[in-house]
DNA sequence: ACGGATGATACT
DNA sequence: TAGTATCAT
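Here is the structure:
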């Protein structure tokens with residue numbers, strides 16, 4: 001059982017940088033008189049003074065906590081300054097912070113956090129300007145906290161830190177960390193200079209430790225975790241404060257295993273943990289107990305999805321489809337704007353629209369989370385998104401009601417309420433420009449009329465990001481015209497125009513629609529082949545026609561704005577250049593990588609999307625069957641998709657597992673990287689096997 | 001049935 | 001895959 005395992009040959013340098021109470025800083029920058037005052041940002045304030053989502057450190061001293069109510073905060077800290085989150089379309093809008101979060105040159109993991117892999121930068125620095133040779137060390141670096149470093153006299157702290165950072169006989173790994181500290185200190189100063197925001201950072205050999213460290217000394221400080229301090233750091237560290245263990249898993253560790261600190265975990269064998277929590281989670285737990293985490297820094301610069309949502313708690317629950325439609329329209333409008341911005345700024349398009357809702361059924365205490373989420377191909381344009389979202393909602397409602405054996409007697413709805421709505425856009429891929437690197441690489445080398453290469457190039461060069469269709473057909477069928485009217489609001493406290501429709505009539509009408517959907521579903525459930533072929537025709541058209549680039553008005557405006565806006569210059573200090581060099585190469589590689597890895601997929605998705613747009617004109621097409629058909633199309637196409645190659649596709653006649661890693665070095669750099677992403681260790685099937693190959697122990701990371 | 005809005009990811 | 005569940009800030 002106890003198998004010799006490498007200790008921690010993790011020579012990486014990872015930094016976690018975290019903006020200090022970010023939303024507060026954004027507001028303080030906007031309103032500098034707030035600086036230094038106890039301040040918090042609240043969203044909404046009608047109910048108990050709103051909910052706090054960010055709290056300044058001055059206010060924290062008075063005991064104010066995030067997710068307190070505004071009223072409670074006032075109680076704890078009467079002088080507190082409360083700033084409201086901007087409201088647009090009747091809901092909190094976080095664009096201010098989203099935009100501020102894009103400032104500077106940092107990779108963005110979340111709105112206010114980044115992980116950086118500084119290994120290369122630190123190595124370079126160590127070779128070219130090792131800390132021990134630096135004559136004058138920046139003040140900021142000297143303020144670093146180094147875990148495990150004994151500080152006898154607070155006045156000597158900086159001198160102690162300087163000695164550690166510049167120690168000539170330190171281990172190689174410690175030296176790398178020291179370089180990381182220099183780089184991060186400089187980076188933080190750059191961030192401050194360019195954005196006026198302070199941040200805190202942790203520097204360690206992996207993400208988990210860096211994350212822990214960044215939170216240890218806030219605000220505006222940084223903490224280094226030498227390997228020698230890891231054991232002591234984790235021994236008494238509360239298990240629930242570890243990332244990923246703040247929820248049910250952490251609770252289970254406490255109550256089922258009696259594990260309250262990370263150190264407590266050490267007594268459990270990997271097998272034991274695997275048997276209780278599965279092979280992946282078990283190994284992951286075993287590793288984090290030892291400060292081991294192989295999780296790589298994702299180079300991703302941009303979010304993978306966009307969403308807009310709102311809750312309607314308690315008495316505000318939506319009780320009519322009309323009110324649901326109203327709010328869906330608002331949410332979709334915001335989403336649509338953000339998608340347009342993303343397209344303009346990042347040249348990407350989203351391919352899937354998903355609707356989530358929470359609902360309750362009166363009398364059924366357990367019924368409130370079961371509202372099914374639904375998704376469909378995303379068509380650009382506010383109106384289309386609104387239509388599709390409503391249709392998705394209706395489909396969900398139908399399932400919800402039938403699941404609970406709901407009978408629509410009459411027009412009254414005393415049975416259900418919607419307590420949360422959200423729409424989101426995902427599967428965001430770059431708009432193809434130029435040629436896919438792999439396709440290009442192979443077609444240059446093996447020029448052939450091979451249909452696959454040909455079609456890839458054609459589609460990539462010609463596919464249109466969006467198509468303005470005059471009709472309102474969607475993939476789900478046509479939204480009944482009466483649904484497009486404005487409906488009276490129920491009890492959300494919002495006043496919009498009272499339509500002159502009879503409420504009862506309306507409800508009746510809508511009930512019929514929902515019922516209609518139910519009936520259709522059994523009847524269209526199994527689409528035939530013929531149908532699918534018909535739907536593929538527009539796909540062919542798309543390939544042969546001129547590109548139809550369609551940008552709506554707001555897109556154009558945004559493009560103009562972007563052109564007008566000059567780029568902010570940023571000076572380079574001597575140290576930051578190591579980071580810049582690293583970062584620039586990383587990010588350009590990342591761009592290519594995204595395009596490469598995902599660009600191929602576009603023609604397939606576009607095929608099904610455009611196919612669904614034109615031929616189906618029947619009035620109430622059942623959604624489930626549509627989705628089913630789309631799946632079929634995808635399934636058919638994916639057989640020859642490059643996406644499937646890493647799984648060992650016949651088409652390429654190479655098994656990914658048989659590739660000799662050394663040959664990769666011979667390939668062009670961008671292709672090397674692409675292949676490497678495919679070669680990264682895949683997660684093990686979630687089955688516990690005993691006495692299996694020793695090779696499993698060579699993968700101490702990627703637990704989860 | 002007020003911890004909201006917004007993401008990411010893993011499981012199935 | 002689409003849909004669900006969990007986790008985080």
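Residue numbers (UniProt numbering): 1 to 704. Ideal placement from N, C-alpha and C gives every residue a C-beta, glycine not left out. Small disclaimer: the values here were computed from a predicted structure and weren't measured.
Given that a residue counts as buried once 16 or more other Cβ atoms are within 10 Å of its Cβ, and exposed if not, what is residue 381?
For the purposes of this step, residue 381 is taken as the residue at position 381 of the first chain. Its Cβ being crowded by 16 or more others within 10 Å, residue 381 is buried.
Classification of residue 270 by the beta-carbon crowding that lies within 10 angstroms, buried from 16 upward
As a first step, residue 270 is located in the first chain; it is residue number 270 there, counting from the start. Counting Cβ neighbours within 10 Å, residue 270 comes out buried, since at least 16 surround it.
So is residue 32 buried or exposed if we call it buried at 16+ other beta carbons inside 10 Å?
In the first chain, the residue the question calls residue 32 occupies position 32. Per the 10 Å Cβ criterion, exposed.
Residue 270: beta carbon under 8 Å from a heavy atom of the ligand MG?
This structure lacks the ligand MG; in fact it carries no ligand of any kind.
Using 10 angstroms around the beta-carbon of residue 275, count the other beta-carbons present and answer buried if the total reaches 16, otherwise exposed.
Position 275 of the first chain, counting from 1, holds the residue named residue 275. Looking at its Cβ environment, which holds fewer than 16 other Cβ atoms inside 10 Å, residue 275 is exposed.
Between residue 11 and the rest of its own chain, which residues show a CB-CB distance below 8 Å, the 5 nearest in sequence each way excluded?
The residue labelled residue 11 in the question sits at position 11 within the first chain. 119, 172, 173, 176, 205, listed in sequence order.
With burial defined as no fewer than 16 other Cβ atoms inside 10 Å of the residue's Cβ, what is the status of residue 358: buried or exposed?
Residue 358 sits at position 358 when you count from the first residue of the first chain. Label assigned to residue 358: buried.
If we count the other Cβ atoms within 10 Å of its Cβ and call it buried at 16 or more, is residue 300 buried or exposed?
Here residue 300 corresponds to residue number 300 of the first chain, with the count starting at 1. Residue 300 should be labelled exposed.
Measure the alpha-carbon distance for residue 361 versus residue 413 and round it to whole angstroms.
Locating residue 361 in the first chain gives position 361, where the first residue counts as 1. Locating residue 413 in the first chain gives position 413, where the first residue counts as 1. Whole-angstrom Cα-Cα distance: 10 Å.
Determine the closest residue to residue 145 out of 229, 396, 190, 95, with distance taken between C-alpha atoms.
Start at 1 with the first residue of the first chain, and residue 145 comes out as number 145. When each option's Cα is compared against that of residue 145, the closest is 229.
Just confirm the distance between the C-beta atoms of residue 138 and residue 185, as a whole number of angstroms; I'd bet it's less than 8 Å.
The residue you call residue 138 lines up with position 138 of the first chain. The residue you call residue 185 lines up with position 185 of the first chain. Rounded, the Cβ-Cβ distance is 6 Å, consistent with contact.
So, are the CB atoms of residue 739 and residue 40 less than 9 Å apart?
Residue 739 lies beyond the range of the chain shown here (1 to 704); nothing can be said about it.
Take the Cβ of residue 323 as the centre, count every other Cβ of all protein chains shown within 10 Å, and call the residue buried at 16 or more, exposed below.
Locating residue 323 in the first chain gives position 323, where the first residue counts as 1. Buried, since its Cβ has 16 or more Cβ neighbours within 10 Å.
Are residue 236 and residue 261 touching if we call contact CB-CB under 9 Å?
Reading the first chain from its first residue, position 236 is the one you call residue 236. Reading the first chain from its first residue, position 261 is the one you call residue 261. The answer is yes: Cβ separation under 9 Å.
Considering only the alpha carbon of each residue, which of 404, 154, 234 lies closest to residue 372?
As a position in the first chain, residue 372 is number 372, starting the count at 1. Nearest option by C-alpha distance: 404.
Can you check whether the CB of residue 330 is closer than 9 Å to the CB of residue 684?
As a first step, residue 684 must be located in the first chain, where it is residue number 684. As a first step, residue 330 must be located in the first chain, where it is residue number 330. Not a contact, by the Cβ cut-off of 9 Å.
Residue 55 to residue 199 span [Cα, whole Å]
Within the first chain, the letter at position 55 stands for residue 55. Within the first chain, the letter at position 199 stands for residue 199. Computed Cα separation, rounded: 14 Å.
What does the Cβ neighbour count give for residue 602, buried or exposed, with the cut at 16 atoms within 10 Å?
Residue mapping note: residue 602 aligns to position 602 of the first chain, counting from 1. Unreliable placement is indicated for residue 602, whose pLDDT of 21 sits below 50; the coordinate value is still reported in the next sentence. Result: buried.
Spatially closest choice to residue 51 from 58, 43, 57, by CA coordinates
For the purposes of this step, residue 51 is identified with residue 51 of the first chain, where counting begins at 1. With distances taken between Cα atoms, residue 51 lies closest to 43.
Could you tell me which residues DSSP pairs with residue 360 in its beta bridges?
The sequence position of residue 360 within the first chain is 360, counting from 1. BP columns for residue 360 point to 417.
Give the DSSP-derived three-state secondary structure of residue 124 in the structure shown.
For this step, residue 124 is matched to residue 124 along the first chain. Correct three-state label for residue 124: helix.
Environment of residue 91 [buried if 16+ CB atoms lie within 10 Å]:
For the purposes of this step, residue 91 is taken as the residue at position 91 of the first chain. Buried, since its Cβ has 16 or more Cβ neighbours within 10 Å.
Could you give the DSSP three-state label for residue 16: helix, strand or coil?
The residue you call residue 16 lines up with position 16 of the first chain. The answer is strand: DSSP assigns residue 16 an E or B state.
Can you have a look at residue 135 and say buried or exposed, based on whether 16 or more other CB atoms are within 10 angstroms of its CB?
Numbered from 1 along the first chain, position 135 holds the residue referred to as residue 135. When all chains shown are included, residue 135 counts as exposed.
Reference residue 17, options 125, 349, 181, 310, closest by Cα
As a working mapping, residue 17 is identified with position 17 in the first chain. Answer by Cα proximity: 181.
Please report the distance separating the alpha-carbon of residue 148 from that of residue 314.
Indexing the first chain from 1 puts residue 148 at position 148. Indexing the first chain from 1 puts residue 314 at position 314. So the two alpha carbons sit approximately 50 Å from each other.
If we count the other Cβ atoms within 10 Å of its Cβ and call it buried at 16 or more, is residue 47 buried or exposed?
Locating residue 47 in the first chain gives position 47, counting from the first residue. The residue in question, residue 47, is exposed, as its Cβ has fewer than 16 Cβ neighbours within 10 Å.
How far does the beta strand (DSSP E) with residue 404 in it extend, from its first residue to its last?
If you number the first chain from 1, residue 404 lands on position 404. Note, residue 404: premise wrong, no beta strand (DSSP E); not H, not E.
Among 345, 292, 126, 189, which one has its Cα closest to the Cα of residue 140?
On the first chain, residue 140 is found 140 positions in, with the first residue counted as 1. Cα-wise, what sits closest to residue 140 is 189.
Does the beta-carbon of residue 58 have 16 or more other beta-carbons within 10 angstroms, so that it is buried, or is it exposed?
For this step, residue 58 is matched to residue 58 along the first chain. When all chains shown are included, residue 58 counts as buried.
Would you mind sorting residue 215 into buried or exposed? The rule is 16 or more other CB atoms within 10 Å of its CB.
By one-based count along the first chain, residue 215 stands at place 215. Under this definition residue 215 is an exposed residue.
Span of the beta strand (DSSP E), counted from its first residue to its last, around residue 308
Taking the first residue of the first chain as 1, we reach residue 308 at position 308. Where residue 308 is concerned, the enclosing beta strand (DSSP E) stretches over 306-311.
Helix, strand or coil for residue 326 per DSSP?
What you label residue 326 is simply residue 326 of the first chain in a count that begins at 1. Helix at residue 326.
Do you know how far the Cα of residue 38 is from the Cα of residue 341?
What you label residue 341 is simply residue 341 of the first chain in a count that begins at 1. What you label residue 38 is simply residue 38 of the first chain in a count that begins at 1. So the alpha carbons of these two residues sit roughly 34 Å apart.
With which residues is residue 199 paired in a DSSP beta bridge?
Residue mapping note: residue 199 aligns to position 199 of the first chain, counting from 1. In DSSP, residue 199 forms a bridge with 19.
With a threshold of 8 Å on Cβ separation, who are the neighbours of residue 122 within its own chain once the five nearest residues in sequence on each side are excluded?
In the first chain, residue 122 corresponds to position 122, counting from 1. Taken in chain order, the residues that qualify are 13, 176, 177, 179, 180, 183, 578.
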